[in-house]
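Right, one structure below, let's go through it.
There are 2 protein chains.
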Amino acid sequence: MGVVVPVEKGPSEAEASLNDLVALVADGMARVNTTILSRTGSEVAMIPEVANHLISSGGKRLRPILTLACADLCGYAGGEGAVKLAASVEFMHTATLLHDDVVDESDMRRGRIAARIKWGNEASVLVGDFLLGQAFRMMVEVGSLKALDILSAAATVIAEGEVMQLTAAKNTETTEEDYLAVIRGKTAELFAAACEVGPVLAERPQDEQDACRAYGMNLGIAFQLIDDALDYGGTSDALGKNVGDDFREGKITLPIVLAFRHGSEAERAFWRRTLQDGEIREGDLEEARAILHRRGVLAETVERARQYGALAREALAPFAPGRTKDALLEAIDFCIARAH
Amino acid sequence: MGVVVPVEKGPSEAEASLNDLVALVADGMARVNTTILSRTGSEVAMIPEVANHLISSGGKRLRPILTLACADLCGYAGGEGAVKLAASVEFMHTATLLHDDVVDESDMRRGRIAARIKWGNEASVLVGDFLLGQAFRMMVEVGSLKALDILSAAATVIAEGEVMQLTAAKNTETTEEDYLAVIRGKTAELFAAACEVGPVLAERPQDEQDACRAYGMNLGIAFQLIDDALDYGGTSDALGKNVGDDFREGKITLPIVLAFRHGSEAERAFWRRTLQDGEIREGDLEEARAILHRRGVLAETVERARQYGALAREALAPFAPGRTKDALLEAIDFCIARAH
Chain S
135 MGVVVPVEKG PSEAEASLND LVALVADGMA RVNTTILSRT GSEVAMIPEV
185 ANHLISSGGK RLRPILTLAC ADLCGYAGGE GAVKLAASVE FMHTATLLHD
235 DVVDESDMRR GRIAARIKWG NEASVLVGDF LLGQAFRMMV EVGSLKALDI
285 LSAAATVIAE GEVMQLTAAK NTETTEEDYL AVIRGKTAEL FAAACEVGPV
335 LAERPQDEQD ACRAYGMNLG IAFQLIDDAL DYGGTSDALG KNVGDDFREG
385 KITLPIVLAF RHGSEAERAF WRRTLQDGEI REGDLEEARA ILHRRGVLAE
435 TVERARQYGA LAREALAPFA PGRTKDALLE AIDFCIARAH
Chain A
135 MGVVVPVEKG PSEAEASLND LVALVADGMA RVNTTILSRT GSEVAMIPEV
185 ANHLISSGGK RLRPILTLAC ADLCGYAGGE GAVKLAASVE FMHTATLLHD
235 DVVDESDMRR GRIAARIKWG NEASVLVGDF LLGQAFRMMV EVGSLKALDI
285 LSAAATVIAE GEVMQLTAAK NTETTEEDYL AVIRGKTAEL FAAACEVGPV
335 LAERPQDEQD ACRAYGMNLG IAFQLIDDAL DYGGTSDALG KNVGDDFREG
385 KITLPIVLAF RHGSEAERAF WRRTLQDGEI REGDLEEARA ILHRRGVLAE
435 TVERARQYGA LAREALAPFA PGRTKDALLE AIDFCIARAH
C-alpha cells in the first residue's frame with residue numbers, strides 16, 4: 135500500500151527537504167560521525183557490534199544536525215564542543231531506541247531486525263547503558279556545566295515520558311493533554327535539549343537559549359505527531375519499522391485519542407477490544423485504518439503537527455534572516471512533508 | 135541449611151561490623167536518605183513506586199557510606215556536595231540492579247520479589263534510566279567536573295563489565311583473568327569511584343585520590359568474591375536473593391573457574407552440561423555444591439577475597455591513623471566475614 139495519509143501538502147512543504155541543512159553542517163557532521171564511531175569502541179567486542187548495528191542503519195541524525203545548526207545560528211565559532219555535544223545527543227537517542235525495543239518488544243527498527251532479537255534483551259539494555267555513559271563522558275569533556283544540566287535533565291524527562299506512555303498504554307480514555315505530555319517527554323525534550331545547547335556553547339543570552347529550545351520542542355512534537363500518523367497511514371519503508379506497530383502494542387497515539395473521542399459506540403468498543411484488551415484478530419489493522427480515515431483523524435493529526443510547526447517557526451523570529459535560519463525553517467516543513 | 139562456607143574466620147574478622155562506619159557517617163547518611171527520597175519523586179506515579187520498592191528494601195547502602203567516609207577521611211568540610219554525590223552513587227547502583235534484573239531474568243532481589251516481576255521489564259528499564267538521569271543531575275549540581283568525569287567513566291565501565299559477563303556466561307573455559315575483568319567492571323568500579331570522589335571533593339592531591347580509588351577497587355573485588363561464594367554456600371537470607379541463582383543462570387564465577395580447573399573429566403562434563411548447555415536436573419544444585427566443597431574452591435575463593443582485602447588495607451597506608459581510617463579498615467573485615 136502506498137502513501138495514504140489523505141492530506142494536502144502545505145505550499146511550503148511541497149519541495150521541502152533537509153538538503154540545505156545537511157549541506158550547512160556537513161563538515162561538522164563528518165566529525166560527529168567519526169566521533170560516534172570512535173566512542174562506540176570498546177575492548178568488549180559485543181558493544182561496538184550491537185551499537186553499530188543500530189547506528190550504521192542510517193537514521194537521519196536529525197538531532198545532532200540540530201545541535202550543530204543551532205550552534206551555528208548563534209555564531210558558535212566551530213570548536214570541538216558542538217561536535218561532542220552533537221555526538222552525545224545522538225548517543226542518548228540511540229540508547230533510548232535500544233531500551234525502547236526492549237520495552238516495546240519490537241522486532242524491527244530502522245528497517246532492520248531489532249538488536250534485541252539478534253543479541254537479546256540483555257545486550258540492548260546494557261549497550262544502551264554504555265552509550266548513555268559515553269554520552270555523559272563526552273559532555274564532561276566539553277566542560278559546560280550548563281550544557282550538562284540541560285542534557286542530564288533531558289535524560290530524566292525522556293524516561294518520565296516513556297513511563298507515562300507505559301501507564302497510558304492500553305487506556306483508551308487517554309486525553310489529548312495526557313498524550314501531549316507523553317510525547318513532550320519521550321520525543322520532544324531531546325529535540326529541545328539538542329537545540330538549546332547550541333546557544334549555550336556560543337555563550338548567547340538566555341532569550342536565545344529559550345528561542346532555540348522552543349524551536350526544538352515544537353519541532354519534536356510535530357515530528358512525533360507525523361510518526362504517529364504514518365504508523366497507520368504510511369508504508370514500512372517510509373517508517374523504518376512495521377506499519378501498525380503502535381496498534382499491535384496497544385499504544386495510544388493522537389489518531390486514536392481523536393478517533394475515540396469522535397467515534398460511535400461500536401467504534402469505541404472496537405478500540406477497547408483491540409487496544410485495551412489486546413484482542414486483535416485478522417483484519418483488525420485494516421479496520422482500524424479504515425475507521426481512522428473515515429473519521430478524518432489522520433488529517434487532523436497532520437493539521438496539529440502543522441500548528442506545532444508554526445510555533446517552531448515563530449520561535450526563530452528573534453534570529454536575523456540567513457542561510458542557517460532558512461534551513462532550520464525548511465526542516466520544519468520537511469518533517470511535516472514526511473506524511474505525504 | 136545454615137552457614138556452610140567452610141573457612142576459618144581471620145582474627146580481625148571475628149568481631150568485625152559496620153557499626154563504627156555507620157555511626158561515623160550517620161548525620162550525612164540521614165541527609166543522603168532524604169535526598170534519595172526526594173529525588174525519586176516524579177509526577178509520574180509509577181516512578182517512585184518502582185524506585186522505592188527497591189530502595190526501601192534496605193540494602194546496606196555501603197557505596198554512599200564509602201563516599202561520605204572517604205570525604206571525611208580526606209578532611210572534607212561536610213557540605214552538600216558529598217551528600218549529593220553519595221546519593222548519585224546509590225542511584226547508579228539502584229539503576230544497575232533494576233537493569234540487571236532484566237538481564238538476569240531474576241525473580242527475587244534483596245529478599246523481595248524483583249521489580250520486573252511486579253511491574254514488568256519495561257518499568258525496570260525505564261525507572262533505571264530515570265534514576266541514572268537523576269544521578270547525573272545531582273552530580274551536575276555539585277559542579278565538580280572531576281567528580282563528573284570519574285562517575286560518568288564508571289557508568290561506562292560498569293556497562294562494559296556487564297556485557298563482558300554476558301559474553302563469558304555459559305563459557306566454562308573462562309579464565310580467572312577474564313572473570314576478574316568482569317567483576318572489576320560490574321562491581322568494583324563503582325566502589326572505586328564512590329571512594330575516589332571523596333578526596334576529589336576535599337580537593338586533595340592526586341595520590342590521595344589514587345589511594346581511595348585503590349581501596350574501593352580492592353574492597354569491591356573482595357565483596358563480589360564473597361558474594362560469589364555465598365551463592366553456593368550461604369543462605370538466601372544472608373544473600374537477599376535465591377541461593378543458586380548464579381548456577382541456574384549459567385553464570386561463571388570464581389568458584390566455578392577454580393572447580394573447572396581442578397576438576398576431574400566427569401566434573402567438567404557436569405559443569406558443561408549444567409552451565410554451558412543449561413541442562414539442569416533435579417539435584418544438580420546440591421551436586422554442584424558438593425563438588426565445590428570437595429574441591430575446596432569456596433574456601434579458596436574466600437582466601438582470594440582476603441588477599442584483595444589486604445590490598446585494600448594497604449591502600450589506606452598513606453592516611454594518618456584515626457577513627458575514620460579504623461572504621462574503613464573494619465569494613466574490609468566485615469565484607470569478608472559475610473562468608474561465615
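Chains S and A, in that order, give the protein sequences. Just so you know, we're using this note's numbering here: the first sequence kicks off at 135 and counts up by one. Just so you know, we're using this note's numbering here: the second sequence kicks off at 135 and counts up by one. Think of the CB as a built atom: it goes at the ideal place given N, C-alpha and C, for glycine as much as any other residue. Only a predicted model underlies this, so the values are computations on that prediction, with no experimental measurement involved.
Comparing alpha-carbon positions, which option in S:394, S:418, S:436 lies nearest residue 360 (chain S)? S:436
Between residue 302 (chain A) and residue 467 (chain S), what straight-line distance do the alpha-carbon atoms span, to the nearest angstrom? 49 Å
Would you call the CB atoms of residue 232 (chain A) and residue 258 (chain A) closer than 7 Å? yes
Should residue 270 (chain A) be flagged as near chain S, meaning a C-beta pair shorter than 7 Å? yes
Under the assumption that residue 147 (chain S) contacts residue 471 (chain S) (Cβ atoms under 8 Å), give the Cβ distance between them as a whole number of angstroms. 4 Å
Cβ atoms of residue 262 (chain S) and residue 229 (chain S): under 7 Å apart, would you say? yes
When the Cα atoms are used, what is the spatial distance from residue 279 (chain S) to residue 175 (chain S)? 26 Å
Exposure of residue 321 (chain S), with buried meaning 16 or more beta-carbon neighbours within 10 Å: buried
Could you check whether residue 449 (chain S) and residue 336 (chain S) sit closer than 7 Å to each other, using their CB atoms as the reference points? no
What residue from A:143, A:145, A:156 has the CA that sits closest to residue 465 (chain A)'s CA? A:156
Helix or strand or just coil, what does DSSP make of residue 382 (chain S)? helix
Within 7 Å of any Cβ in chain A, is that where the Cβ of residue 426 (chain S) sits? no
For residue 264 (chain A), which residues from the same chain have a beta carbon less than 6 Å from its beta carbon, with the 5 sequence-adjacent residues on both sides left out? 181
From residue 463 (chain A) to residue 329 (chain A), what does the alpha carbon distance come to, in whole angstroms? 13 Å
To which residues of the same chain is residue 248 (chain A) closer than 7 Å at the C-beta, ignoring the five residues directly before and after it? 235, 240, 241, 242
Pairwise C-alpha distance: residue 277 (chain S) and residue 327 (chain S): 16 Å
Which residues, in chain order, does the region 279–305 of chain S contribute to contact with chain A at a C-beta distance below 7 Å? 279, 282, 283, 286, 287, 289, 290, 293, 294, 296, 297, 298, 300, 301
Backbone CA spacing between residue 396 (chain A) and residue 412 (chain A) [nearest angstrom]: 21 Å
Would you kindly work out how many angstroms separate the C-alpha atoms of residue 187 (chain A) and residue 178 (chain A), rounded to a whole number? 15 Å
Return helix, strand or coil for residue 247 (chain A), following the three-state DSSP convention. strand
Count the other CB atoms, across all protein chains shown, that sit within 10 Å of the CB of residue 380 (chain A); report buried if there are 16 or more and exposed otherwise. buried
Tell me whether residue 136 (chain S) sits in a helix, a strand or coil according to DSSP, three-state version. With a pLDDT of only 38 at residue 136 (chain S), under the threshold of 50, the placement of this residue in the model should not be trusted; the figure read from the coordinates follows. In this structure, residue 136 (chain S) counts as coil in the three-state DSSP scheme.
Please work out which residues of its chain come closer than 6 Å, Cβ to Cβ, to residue 307 (chain S), disregarding the five sequence neighbours upstream and downstream, and give them in chain order. none
Under 7 Å, Cβ to Cβ, is there at least one residue of chain S near residue 263 (chain A)? yes
So which residues of chain S does residue 257 (chain A) contact, with C-beta pairs closer than 8 Å? 297, 300
Do residue 409 (chain S) and residue 252 (chain S) count as a contact pair if the criterion is CB distance below 7 Å? no
Using a beta-carbon distance cut-off of less than 7 Å, what residues from the region 177–192 of chain A approach chain S? 178, 180, 181
Using 7 Å as the threshold, is the C-beta distance between residue 237 (chain S) and residue 283 (chain A) below it? no
Could you give the distance in angstroms between the alpha-carbon of residue 455 (chain S) and the alpha-carbon of residue 207 (chain S)? 10 Å
Closer than 7 Å, Cβ to any Cβ of chain D: which residues of the region 197–216 of chain A, in chain order? Among the chains of the structure shown, chain D does not appear; the protein chains present are S and A.
If you check the beta carbons only, do residue 289 (chain A) and residue 267 (chain S) fall under 7 Å apart? yes
Any idea which residues DSSP pairs residue 163 (chain S) with across the strands? DSSP output for residue 163 (chain S) lists no bridge partner at all.
Using only the alpha-carbon positions, how far apart do residue 378 (chain A) and residue 428 (chain A) sit? 17 Å
Cross-strand partners of residue 242 (chain S) (DSSP beta bridge): S:247
Pick from S:297, S:296, S:271 that is closest to residue 286 (chain S), judged by C-alpha positions: S:271
Can you list the residues of chain S that residue 396 (chain A) reaches, using a CB-CB cut of under 8 Å? Those within 8 Å of residue 396 (chain A) in chain S number zero; the least Cβ separation is about 28 Å.
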